[in-house]
Each structure stands twice: as C-alpha cells, then as structure tokens.
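Under this note's numbering, think of the first position of the sequence shown as 10, with each following residue one higher. Positions of the beta carbon are idealized from the N, C-alpha and C atoms, including for glycine. Computed from a prediction, not measured in an experiment: that's the story for all the values here. Everything below concerns the one structure shown next.
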Amino acid sequence: MLAILRLVNISKSYENKARVFSAKVRKVEAVKSVSFSIKQGETLGLVGESGCGKSTLSKLIVKLLQPDSGDIFFKNINITQLKEKKFRSLRRKIQIVFQDPYASLSPRLKVKEIIAEPLSAFNYEKQYILKRIQEIITQVGLNSGHLEAFPHQLSGGQRQRVGIARALTSFPELVILDEPVSSLDLSTQAQILNLLVSLQNIYKLTYLFISHDLSVVRCMSDRVAVMYRGTIVEQAEASQIYEWPVHPYTKKLLLSKCWLRTAQK
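Structure, rendered in structure tokens:
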C-alpha cells in the first residue's frame, strides 16, 4: 500500500542560552535523524514522554517549522523543498488537531468562521462553504446552533469538536492529532476518540496520533513508534509493542506508574 507520508532522516535543533545572563549558547537537538512512514488509511501512534520531540515533529510535517536536514514526502512529493506558494495547494490535504482546543481557536471568531478557515484561502463559492460547514458541524456531534457561538461559550469537549471540524472541512487525506484528548476528562476523551474513529471511516483518513498516554495510543493505532530524546527507538505493530517490547525505554514506559494507573481504570 502507498505510503502517504514518509520522513527520511529528519533533524531539528534549537539554540538556547545555557544559563540566565550567560552568553554561551547551547544547541538542543529536538529531533534527531527520524525516519518513518505511514500507509494510506492507517493510524500510526507516536508515543513518548513530554519533551521527547513529538510536537516539534508534528510542526515540521505541516511546515510550521523547517527541518535542519532530511526530507518529508507527502504522496511522493518532497514538501521540505516546496516554497509556501507551492505548498498551499497541498495544505488542504494535511491538517492538524492541537492539544489545547481553547488556545488553538481564535477567541474573536465565531465557530462558523473558525471552521471555514481552511477554505478561506481558496476561491470557493460562499454557498459551498456554508453547506460544508453545516455538514461537518453535524458530523462532529454539534448542531447549527453552535455556529454562532464563540469558543469561550463552549465546553472543552465541544471546542475540540470544533477543532476537528476545522481540520476536516477541506477534505484532508492526512490528519495529525497532537495530543487531541490529553486536556479532556476521561468521559469526554472516550467520546472524542470514538468520534475520530468514526470520521476516519467516513473520510478514509490517515492519522498520525501523537500522545504520551499508552492506553489511548493502544486503542487508536495500527502501528506504534516510540520516541525518546528526539529519536525513534522502536517501531512495530501495536500488538507487538504492547506484548513484546524490545527497547528498554519502551519497557520502561509500559511499566511506568502512569501506565499501570491508566490500565487499572
């Protein structure tokens, strides 16, 4: 099956001051020679502790950041070399849902305006945009009454549904889910995860599902990649990762108190 997304030796570093008031600059490697691929229609879970480079990687894929080295291919097109103007036509096909549904939604825009954002850069007729907004708002479990609301008038779960609707408005093929339920309570998490599975079936979506929560990754993913200090230390089918982990860090994650506590709930 075609690999819709392929990363080849992607690296990204930052420069930070070693100490406050210090002139010395320290180089921090957030992502180090990362390679993986995602087949069309599957869900790859990317798991690791906070600060391991997961979110940096997601921003590299959608070109919010530029890698220091390496290549990213979307449907065999090397998007790392594309200028913004040429990438714009592909932007509709690669969307992202962020961790914090409140911070990622403009407080000054109504829900209908937020959902329409991915279509605003293209010459769609107004009637088409309105029809698409009405269609997607229903599919994410909200109703037309929510379209006139502002983000602060919605619950956390409702705001994340709006974020998902915005990501799907342009009929993407690849959706990056960057910790999409980590800020929600357990009951709302389950609802959003079920919604994501349903929408994947409707739209034949490919997901990159990023999370620190092993139980969430397990229920969502076909394959799992484990990230540690900027590198991928293990990749395998989800069942193999959880039943026969190979890398010591993967074993540590599975044996962590966080995992045991989650598994017991």
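Using a C-beta cut-off of 8 Å, the region 227–239 makes contact with the region 35–44, since at least three inter-stretch Cβ pairs fall below that distance. Assigned with DSSP and collapsed to three states, N85 falls in coil, not helix or strand. Secondary structure remark: continuous alpha helix (DSSP H) runs of at least 4 residues inside the region 184–234, in chain order: 195–212 and 223–229.
Selection S196, E58 and L66 evaluated against S44 yields L66 as nearest (Cα-Cα). Around the beta carbon of K21, a 10 Å sphere encloses 16 or more other beta carbons of the protein chains shown; the residue is thus reported as buried. Bridge partners of Y111 according to DSSP: none are assigned. By the beta-carbon neighbour count (other beta carbons within 10 angstroms, threshold 16), G54 is buried. In terms of Cα proximity to L16, the closest of K121, D80 and N25 is D80. DSSP, read as helix, strand or coil, puts Q249 in helix. Membership of E157 in any beta strand (DSSP E) is not indicated, and neither H nor E is assigned to it by DSSP. Closest in C-alpha terms to I138, from the list P127, T147 and Q148, comes P127.
I201 is the residue among I201, N152, T178 and D194 whose C-alpha sits nearest the C-alpha of Q169. Taking L193 as the centre and dropping the five residues before and after it, the same chain places the C-beta of G165, G166, Q169 and I201 closer than 7 Å to its C-beta, in chain order.
Beta-bridge partners of T240 (DSSP): Y237. In terms of Cα proximity to K121, the closest of F107, I146 and K102 is I146. Counting the other Cβ atoms within 10 Å of the Cβ of Y216 gives 16 or more, which makes it buried.
Take the alpha-carbon of I173 and the one of P116: they are about 17 Å apart. For the pair of segments examined, the region 46–65 was found to touch the region 228–236: the number of CB pairs separated by less than 8 Å reaches three. For A130, no alpha helix (DSSP H) encloses it, and the DSSP letter there is neither H nor E.
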